[in-house]
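Numbering (mature numbering (1 follows the signal peptide of the UniProt record, and there is no 0)), first residue to last: -31 to -1, 1 to 329. Every residue gets a Cβ at the ideal spot worked out from N, C-alpha and C, and that includes glycine.
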Amino acid sequence: MVRQGIRGGRCSPWTWGLALLLALGAPQGHAGTVLAEVSATPEAQAWTLLGDVEVRQDETFLTLGYNGTLPEQDTAPSHQLSVGVDHALSLHWLVSGSLSLGLTHDTETPLTRERPRRGLPALDARTSYGSQGLLLSAGYDSGGLATVQYGLDVGLSLTRYPLGREIIARRAQQAPSVLFSREEPLWATRPSLGLRWKPGAHWELGLRGGLYLYSDDPLIAGQFTAQEQRLLAERYAEASEDRALERAFRRRIYRQLATGVSGRAAEVNAVAGFPLAPARFDLRPSVTRRLGDAVRGQLSYGFTRYVPGQGVSHLLGTRWIFSFSEDFRLWGAVALQVDVPEDSAAAQSGLATLGTDYTF
């Protein structure tokens, strides 16, 4: 049976330090794995540190880890901690569960400059969000010595995002003051399905997909209402400045929601891509070729439909895994992502991922 954890290719976010503590405290002879992965585009970065340990031989595995994401260079990074358990019910069935906690972080965006002659302060918009999530999944693997093998897994995640927003007034030589503060919860759930088929010893075909459901429009939740925008506009001297700053503010929030609220923070790499807006659904077929015992290559395509009004994304990537021994692996991946918004020209970006894991 192929366990659907680190060894099965699942890259959920986990903390490195706690993983080492688990490894040091593991019972004698029980296996553990530590993993590190870094992904980057010209504008964004993501990093994962993960570790798991065998609690009960060949049956139960405990996983801890950490994931960080920086959707833009001038925004605050997001940090997520998780703990999970994988348990083998038999040689073919595996059930998994995990809890995640996204640490609250703030992003501040200037809205207008101070105008002392008119008695108007400088205004900044501060947004914040964290997350609390639950993921349950079950997997089946045909295993055995048959030439043709197959497997499937289903998952369901539920995540709560407390989305906050504030308007801060700043005047020279005075302490900043908060004009108003609001917080709204957004709930997101994601059912997912994965299939794989191995027609022989060297080839493997895979297909994964997921649907994203939200309790509210993720492009509106946590943002300023029409009434709040009117109140802000009264403080602006130039209406054109109001509109330009509002557009810039919305673009920044969309990117944060894309990697956070869409629930894909744990999958940001050169195979999954960096989403530019909250997703509605995604689909990713792949083909893998084993070149001997030490090298394995994969070609994959990813399609993401963003929420209405935000367009689609195409991703073509390749991933290569090199096994230097039974205990040590190194992999790299590159991809080209093309985002096609509905109201602007298509944008292209390159992605790269480098990762390694060690089993002891």
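Item	Value
With distances taken from CA atoms, which of 65, 118, 138, 130 is nearest residue 78?	138
Would you list the residues sitting across from residue 282 in a DSSP beta bridge?	273, 308
According to the neighbour-count rule (16 or more other Cβ atoms, all chains shown, within 10 Å of its Cβ), is residue 169 buried or exposed?	exposed
What three-state label does DSSP hand residue 85 in the structure shown?	helix
Which residue comes first and which comes last in the beta strand (DSSP E) that contains residue 36?	29 to 39
Looking at the secondary structure, which residues open and close the beta strand (DSSP E) in which residue 189 lies?	First-last for residue 189: undefined, no H or E at that position.
How many whole angstroms separate the CB atoms of residue 254 and residue 282, which I take to be in contact at a CB cut-off of 8 Å?	Going by Cβ atoms, the distance from residue 254 to residue 282 rounds to 15 Å, so no, they are not a contact pair.
What are the residues that DSSP puts in a beta bridge with residue 332?	Coverage of the chain is limited to positions -31 through 329, which leaves residue 332 absent and any answer about it impossible.
Just checking, does the stretch 99 to 117 make contact with the stretch 80 to 91 on the three C-beta pairs under 8 Å criterion?	no
With a threshold of 16 other CB atoms inside 10 Å of the CB of residue 290, please say whether the residue is buried or exposed.	buried
Check residue 196 in the structure and name its three-state DSSP category.	helix
Alpha carbon to alpha carbon, how far is residue 24 from residue 146?	52 Å
Measuring alpha carbon to alpha carbon, tell me which of 94, 66, 65, 241 ends up nearest residue 193.	94
Taking the alpha-carbon of residue 318 as reference, which of 3, 99, 10, 5 has the nearest alpha-carbon?	10
In chain order, which continuous runs of the beta strand (DSSP E) of length 3 or greater are located wholly inside the stretch 74 to 150?	91 to 110, 118 to 139
Pick from 179, 167, 101, 321: whose alpha carbon is nearest that of residue 257?	167
Are the CB atoms of residue 54 and residue 71 within a distance shorter than 8 Å?	no
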